[in-house]
Amino acid sequence: MLEVEKNGEIHLLRLQRPPVNALNPELIGAFRQQLESSINDGAGGIIITGREGLFSAGLDVPALLQLDRDGMSRFWQEFFGLLECLARSPIPTVAALSGHSPAGGTVISLYCDYRVMAAGDYKLGLNEVQVGLVVPQVIQNTLARLIGPHAAERHMVTGDMISADKALGLGMVDELAEADQVVAAATRWLERHLALPRQAMLETRRLARGNLTEMFDDASAFGVERFVNLWFAEHTQQALHAMVARLGKKKG
Amino acid sequence: MLEVEKNGEIHLLRLQRPPVNALNPELIGAFRQQLESSINDGAGGIIITGREGLFSAGLDVPALLQLDRDGMSRFWQEFFGLLECLARSPIPTVAALSGHSPAGGTVISLYCDYRVMAAGDYKLGLNEVQVGLVVPQVIQNTLARLIGPHAAERHMVTGDMISADKALGLGMVDELAEADQVVAAATRWLERHLALPRQAMLETRRLARGNLTEMFDDASAFGVERFVNLWFAEHTQQALHAMVARLGKKKG
Amino acid sequence: MLEVEKNGEIHLLRLQRPPVNALNPELIGAFRQQLESSINDGAGGIIITGREGLFSAGLDVPALLQLDRDGMSRFWQEFFGLLECLARSPIPTVAALSGHSPAGGTVISLYCDYRVMAAGDYKLGLNEVQVGLVVPQVIQNTLARLIGPHAAERHMVTGDMISADKALGLGMVDELAEADQVVAAATRWLERHLALPRQAMLETRRLARGNLTEMFDDASAFGVERFVNLWFAEHTQQALHAMVARLGKKKG
Numbered sequence: 001m002l003e004v005e006k007n008g009e010i011h012l013l014r015l016q017r018p019p020v021n022a023l024n025p026e027l028i029g030a031f032r033q034q035l036e037s038s039i040n041d042g043a044g045g046i047i048i049t050g051r052e053g054l055f056s057a058g059l060d061v062p063a064l065l066q067l068d069r070d071g072m073s074r075f076w077q078e079f080f081g082l083l084e085c086l087a088r089s090p091i092p093t094v095a096a097l098s099g100h101s102p103a104g105g106t107v108i109s110l111y112c113d114y115r116v117m118a119a120g121d122y123k124l125g126l127n128e129v130q131v132g133l134v135v136p137q138v139i140q141n142t143l144a145r146l147i148g149p150h151a152a153e154r155h156m157v158t159g160d161m162i163s164a165d166k167a168l169g170l171g172m173v174d175e176l177a178e179a180d181q182v183v184a185a186a187t188r189w190l191e192r193h194l195a196l197p198r199q200a201m202l203e204t205r206r207l208a209r210g211n212l213t214e215m216f217d218d219a220s221a222f223g224v225e226r227f228v229n230l231w232f233a234e235h236t237q238q239a240l241h242a243m244v245a246r247l248g249k250k251k252g
Numbered sequence: 001m002l003e004v005e006k007n008g009e010i011h012l013l014r015l016q017r018p019p020v021n022a023l024n025p026e027l028i029g030a031f032r033q034q035l036e037s038s039i040n041d042g043a044g045g046i047i048i049t050g051r052e053g054l055f056s057a058g059l060d061v062p063a064l065l066q067l068d069r070d071g072m073s074r075f076w077q078e079f080f081g082l083l084e085c086l087a088r089s090p091i092p093t094v095a096a097l098s099g100h101s102p103a104g105g106t107v108i109s110l111y112c113d114y115r116v117m118a119a120g121d122y123k124l125g126l127n128e129v130q131v132g133l134v135v136p137q138v139i140q141n142t143l144a145r146l147i148g149p150h151a152a153e154r155h156m157v158t159g160d161m162i163s164a165d166k167a168l169g170l171g172m173v174d175e176l177a178e179a180d181q182v183v184a185a186a187t188r189w190l191e192r193h194l195a196l197p198r199q200a201m202l203e204t205r206r207l208a209r210g211n212l213t214e215m216f217d218d219a220s221a222f223g224v225e226r227f228v229n230l231w232f233a234e235h236t237q238q239a240l241h242a243m244v245a246r247l248g249k250k251k252g
Numbered sequence: 001m002l003e004v005e006k007n008g009e010i011h012l013l014r015l016q017r018p019p020v021n022a023l024n025p026e027l028i029g030a031f032r033q034q035l036e037s038s039i040n041d042g043a044g045g046i047i048i049t050g051r052e053g054l055f056s057a058g059l060d061v062p063a064l065l066q067l068d069r070d071g072m073s074r075f076w077q078e079f080f081g082l083l084e085c086l087a088r089s090p091i092p093t094v095a096a097l098s099g100h101s102p103a104g105g106t107v108i109s110l111y112c113d114y115r116v117m118a119a120g121d122y123k124l125g126l127n128e129v130q131v132g133l134v135v136p137q138v139i140q141n142t143l144a145r146l147i148g149p150h151a152a153e154r155h156m157v158t159g160d161m162i163s164a165d166k167a168l169g170l171g172m173v174d175e176l177a178e179a180d181q182v183v184a185a186a187t188r189w190l191e192r193h194l195a196l197p198r199q200a201m202l203e204t205r206r207l208a209r210g211n212l213t214e215m216f217d218d219a220s221a222f223g224v225e226r227f228v229n230l231w232f233a234e235h236t237q238q239a240l241h242a243m244v245a246r247l248g249k250k251k252g
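Residue numbers (this note's numbering), protein chains in the order written: chain A, 1 to 252; chain B, 1 to 252; chain C, 1 to 252.
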């Protein structure tokens, strides 16, 4: 469910869990493990991508609805663990958003150094509210760091999916490229950075991201228990089941 | 001095203290009381507006100049209390800035979720410095959260009134509409948000506004005593009396 | 090496250390001393400039390479002391960036109230990484306050010199003027501010800059020792000597 391609120092991680790269516990586990082994193997930089037209549809809600409280609590901890791993990565990471990227797909990209988004009719956004979910505090703080607290509030509370163009204007992505060129653009960005005096680049980057990594210094800030409570609240379960029913009809 | 109009879940509060909706202790008291009762009565959202062409001329300086130290100290506490009430509102609030809105008029709008400003020849801004007043820290922090610390510093230290267009560019307002359409635009915005899964919207909003509400967690941060000292300093009193004299001549 | 010109309340400090206004210990000492005496002499505002076409080439690396650990440690403390003096200035300061202004030249301007940059083919930027140096935390925080954490991270980690136009777009400078007009533009800005009710302007400014000055409240935050360690690390010394060799060839 995760393809790895090594081009010199650059490791390309391609999400490959058909049909929509939905994030379930297994994919999240594999993703984190690969990040750690790429870092330990001396990669210079990491690109994360999906398939042309779709980066990831976000959390695998049908699968998560099967989990009990303990399972859900473990899942959130692992998801936050993946985000922490990206946030603390000692080497640059780029999200090559190869297409649609709602909710969890967008969330992952927020922890990378740089985001290249597929131009055209593709959308992304923290649309959790639209499907009855709350955006957790640590993710809110990360978006506020990227685009400012007020723009972040307006985007998350409304929960609209937004176009690539609008995302660029807001600062939620850094660059647009054709869907089949996002990996090439991400590679160019990484190569340019890997050609810089390495220690100075890495240490300047580490200091600059201090206000990102410190969000993870206190794991209680994830509010896992509060989040699990909300997940199992009647109104949330109703909204999630309704969404899954809609998705089922679409496919049918 | 405050008209209330209930349209389903939406409560419209219209400042109505002729001639210029100047904020005196009575209006501030009535405003805060109405906010609290709207919230307690189960309103879904609140719109605050003035009359076409004028939202509010800000603090009622001639009235405030009659107050002694104790009276002024109470007034500041009540004014900050109103701002706190807006900041902590558990439901969305929109400022429908129906026209001119200097100083205190602008300040109130900063604590709402969203600001619709009358397009055209209307102005707003934190012009306190121009009339010899200091912008208090908590208000400074709120503007910095909205438009960034440097833009906030430049705006407040200079104290210029700015056009609706410039305010939109700076991010001090979120949307422009014709003066007779600001309430309609505010209503559309609120209706769109009230149609979202309610608990998810409200909880995501509560988390997003945590860095706003926490400014009020320590009441000593208002610096009321420092502010009252400045108010009664000779240079401030001179500047305020000079301003009142100018206003008197204009009317005459 | 520092020319002072007093025009009423406004003191103009012109860096004049040929050929490129490189910042060595003597210039930094003279600069700070002049700032302090201008402030003590009752100046209303201060303009800092260079010569037409060049503000400052930044740190005098060839001179600094002669220093031993103690000397370098003292130098960093004095450089941070200069920045602190600018940050804490009780009166407004303007950087009139009269031309090229890489690295240390840009750094100084970040602590002023306002930056006027020479339009045209002049560049500025925190290009430390490009020459093998790390951007210290306090300087990173200052740039993040000015242009936001993500834009600051991208600029500093890449270390590109940028054009005046791009700097204006990013918010790294506030205004452009022809190279021979930057002092005139800085003067106009200062005069406009000095015409405001003085105490209200100064106190509002003091509060607005509280999040800048507080960066200096804990001197250990400068990380002088860490910085000196990096300076004497083999890879840094190699990069710096290589840069000096390149500069020598250019002149030759």
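In this text, a Cβ means the ideal position worked out from N, Cα and C, and glycines have one as well. Being a predicted model, the structure only gives us computed values, none of them experimental.
Of the choices the options, whose alpha-carbon is the least far from that of residue i?
i	options	result
A:A239	A:W189, A:V131 and A:D113	A:V131
A:R206	C:L59, C:A164, C:T158 and C:K166	C:T158
B:D121	B:Q16, B:G58, B:I147 and B:A167	B:A167
B:E84	B:I162, B:D68 and B:L110	B:L110
B:P18	B:I47, B:G53, B:E9 and B:L35	B:G53
B:N127	B:M161, B:T49, B:E153 and B:M215	B:M161
A:G45	A:R192, A:L176, A:G210 and A:A103	A:R192
C:A103	C:A119, C:V116, C:P92 and C:K123	C:K123
B:R154	C:V135, C:A179 and C:C112	C:C112
B:V129	C:R74, C:T142, C:A195 and C:L133	C:A195
C:D217	C:G8, C:N40 and C:V138	C:V138
A:P197	C:M72, C:A43 and C:Q237	C:Q237
A:A179	A:Q140, A:I48 and A:A119	A:A119
List the DSSP bridge partners of residue i.
i	result
C:L97	C:M117
B:I162	B:L124
C:P102	C:G125
Following the continuous alpha helix (DSSP H) through residue i, name the residue where it begins and the one where it ends.
i	result
C:L12	Where C:L12 is concerned, there is no enclosing alpha helix (DSSP H), although the beta strand (DSSP E) it sits in stretches over I10 to L15.
B:E3	No alpha helix (DSSP H) holds B:E3; the beta strand (DSSP E) holding it covers L2 to N7.
B:L59	From DSSP, B:L59 is part of no alpha helix (DSSP H); its letter is neither H nor E.
B:N229	V224 to F232
C:M172	First-last for C:M172: undefined, no H or E at that position.
Need the endpoints of the beta strand (DSSP E) that residue i sits in, please.
i	result
B:L47	For the sequence presented, residue 47 of chain B should be read as Ile rather than Leu. That run of the beta strand (DSSP E) goes G45 to T49.
A:A30	Element bounds for A:A30: not the beta strand (DSSP E) but the alpha helix (DSSP H), P25 to N40.
C:E203	Not the beta strand (DSSP E): C:E203 falls in the alpha helix (DSSP H), residues R198 to A208.
C:L133	C:L133 -> no beta strand (DSSP E), and no H or E assigned at all.
A:A177	E175 to A177
CB-CB under 6 Å to residue i, same chain, minus the five flanking residues each way: which ones, in chain order?
i	result
C:E5	L12
B:F55	L97, S98, G99, S101 and G105
Leaving aside the five residues before and after residue i along the sequence, list all residues of the same chain whose C-beta is less than 7 Å from its C-beta, in chain order.
i	result
B:Y114	V94, D174 and W189
B:V61	L240, M243 and V244
A:L146	L110, G171 and M172
B:E23	Note that residue 23 of chain B is Leu in the sequence shown here, rather than Glu. Excluding sequence neighbours, B:L23 sits near S56, G58, L59, D60 and G104.
A:T213	A87 and R88
A:Q34	L2, V4 and L13
A:Q77	V224
B:M201	H193
By Cβ distance below 8 Å, which residues in the same chain neighbour residue i in space, the five residues on each side in sequence not counted?
i	result
A:N21	L15, L27, G50, R51, L54, F55, S56, A57 and G105
Kindly say whether residue i, judged by its beta-carbon, lies nearer than 8 Å to any beta-carbon of chain D.
i	result
C:P197	In the structure shown, chain D does not exist; the protein chains are A, B and C.
Members of the segment 127 to 138 of chain A that neighbour chain B once the beta carbon cut-off is set at 9 Å | E128, V129, Q130, V131, G132, L133, V134, V135, P136 and Q137
Scan the segment 202 to 217 of chain B for residues whose Cβ lies nearer than 7 Å to a Cβ of chain A and list them as they occur along the chain.
-> E203, T204, R205, L207, A208, R209 and N211
The segment 59 to 70 of chain C: which residues have C-beta closer than 8 Å to a C-beta of chain A, in chain order?
-> none
Pull out every residue of the segment 153 to 183 of chain B whose Cβ sits closer than 9 Å to any Cβ of chain C, in chain order.
-> E153, R154, M156, V157, T158 and G159
For the segment 88 to 119 of chain A, enumerate the residues whose C-beta is nearer than 9 Å to any C-beta of chain C, in chain order.
-> P92, D113 and Y114
Interface residues of the segment 230 to 252 of chain B facing chain C [CB-CB below 8 Å] = L230, A233, H235, T236 and A239
Note down, in chain order, all residues in the segment 139 to 150 of chain B with a beta-carbon under 9 Å from any beta-carbon belonging to chain A.
-> R145, L146, I147 and G148
Cβ-based contacts, 9 Å cut-off: residues of the segment 28 to 59 of chain C near chain B = none
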